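So for the sequence shown, full-length UniProt numbering puts the first residue at 1; every next one is plus one. Glycine residues also receive a C-beta, built at the ideal position from the N, C-alpha and C atoms. Since the structure is predicted, the reported quantities are computational estimates derived from the model, not experimental observations. The next block holds one structure in the form of structure tokens; read it before the comments.
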Amino acid sequence: MSVSSSFQSVLDRIATEIAATPGRGRPADYIPVLASADPQRFGMAVAEVDGTVYGVGDWQHPFSTQSITKVFTLALCLSREGEELWEHVGREPSGNPFNSLVQLEYEAGIPRNPFINAGALVVTDRLQALTGTAADTLRTFLRAESGNAGLDFNEQVATSEASHSDRNAALAHFMASYGNIRTPVPLLLDQYIRQCSLDASCADLARAAGFLARHGILADGSSLLTRSQAKQINAVMLTCGTYDAAGDFAHRVGLPGKSGVGGGIIAVVPGRCTICVWSPGLDERGNSVAGVAALDRFTTLTGLSVF
Ligand code: DON
């Protein structure tokens, strides 16, 4: 049996194994709407490069995408401004929590990578300067690539995030003092919060990330990124996509991946498929416990890995 025809049976097997595994971590609790998520929920989808999707469990249930959106804003920004972007944000693992401030001062306002909050704020700032409407640009892109015209912001999440944004505001103001943020900070925070508030399902995100498995080519066959840019994004996902757990994630899963505090993780098998898994219980570093376990099983059972 080919790997693709067995994707469905692999997903079914993983869901059964995960259901039998106790200990799911805790949902993010910094805003009530995320804290109320049920840690027993679990969904997983695989999208082949031709757009064929397989799924199991809650794979069509929308969840809060949060930091997973940082991959898409990075792609939209890199496609528009190219190498210039890397003068404003680095591509080294930070080894620190995603919302940490400590490195910024001794590294002169240049964040370590685009996936910690500081780096994501720089990317959203640049996308805002390039498009005038970063969050809407992202929503339009995700709708087109997922094929889900109803994909939208979650106003309840956005409102709640807005009243818990002191740390992101501090990061943005601090970087503005180095000239690395140009959008007025309140407008930038509004765009970043809207970006993170997008709801989408595993099916939506597996499809929408397909260009990363197709070396930069979008669902309609047009090109978003050069092959080299797609490689750059996959590389930074592998080294920085799960924050201070990126080494452990690479060790267990062996694929570029990006997590969010909503409990979702996307992963890429270049040339082959994209995967999205969701389960809201997180470990202490902000990654979905069942999600990482499911991806670990996926690469073990299929033998698919970048290594
Ligand atoms: O910036 C924040 O705090 C959130 N809106 C997004 C954080 C997030 O998903 C980090 N990832 N694990």
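- Going by DSSP, A45 is part of the beta strand (DSSP E) stretching over G43 to E48.
- With 6 Å as the limit between CB and the heavy atoms of the ligand DON, the residues that fall short of it are Q66, S67, F98, N99, N117, E161, N168, C196, S259, G260, V261 and G286.
- Considered as a whole, the stretch 7-40 harbours 7-19 and 32-35 as its complete alpha helix (DSSP H) runs of no fewer than 4 residues, in chain order.
- Between G263 and P62, the beta carbon gap of about 12 Å keeps them out of contact (Cβ cut-off 8 Å).
- Counting the other CB atoms within 10 Å of its CB gives F307 a total below 16, which places it among the exposed residues.
- When only Cα atoms are considered, A129 and T137 end up about 12 Å apart.
- Separation of N113 and I266 (C-alpha to C-alpha, rounded to the nearest whole angstrom) is 18 Å.
- Taking C-beta separations shorter than 6 Å and ignoring five residues to either side along the sequence, P32 has no partners in its chain.
- Of A134, L11, F98 and T133, the smallest CA-CA separation from R167 is found for F98.
- Residue range V185 to C196 is occupied by the alpha helix (DSSP H) that includes Y192.
- If you check the CB distance, D29 and A35 come in under 7 Å.
- Spatial neighbours of F211 in its own chain (CB-CB distance under 8 Å, excluding positions within 5 residues in sequence) are listed in chain order as A75, E145, I217, L218, A219, L224, L225 and A230.
- Buried is the label assigned to A172, since at least 16 other Cβ atoms lie within 10 Å of its Cβ.
- For the options F42, L11, A20 and T21, the alpha carbon positioned closest to that of W278 is the one of F42.
- Nearest Cα to H215 within the set F115, G271, S6 and R139: G271.
- Straight-line spacing of the CA atoms in P39 and T274 works out to 23 Å.
- In this structure, L142 keeps its C-beta atom at 7 Å or more from the C-beta atom of A134.
- The Cβ neighbour count for T69, taken over all protein chains shown within 10 Å, is at least 16; the residue is labelled buried.
- For a cut-off of 8 Å, the C-beta gap from D199 to S64 is around 6 Å, short enough to register as a contact.
- Assignment of F63 by DSSP, reduced to helix, strand and coil, places it in the strand class.
- In the DSSP assignment, T274 forms a beta bridge with A47 and V268.
- With a cutoff of 7 Å on beta-carbon distance, H88 and V122 are scored as near each other.
- Annotation: the continuous beta strand (DSSP E) that includes G257 extends over G257 to S259.
- When the Cα atoms are used, P111 and D12 turn out to be separated by approximately 40 Å.
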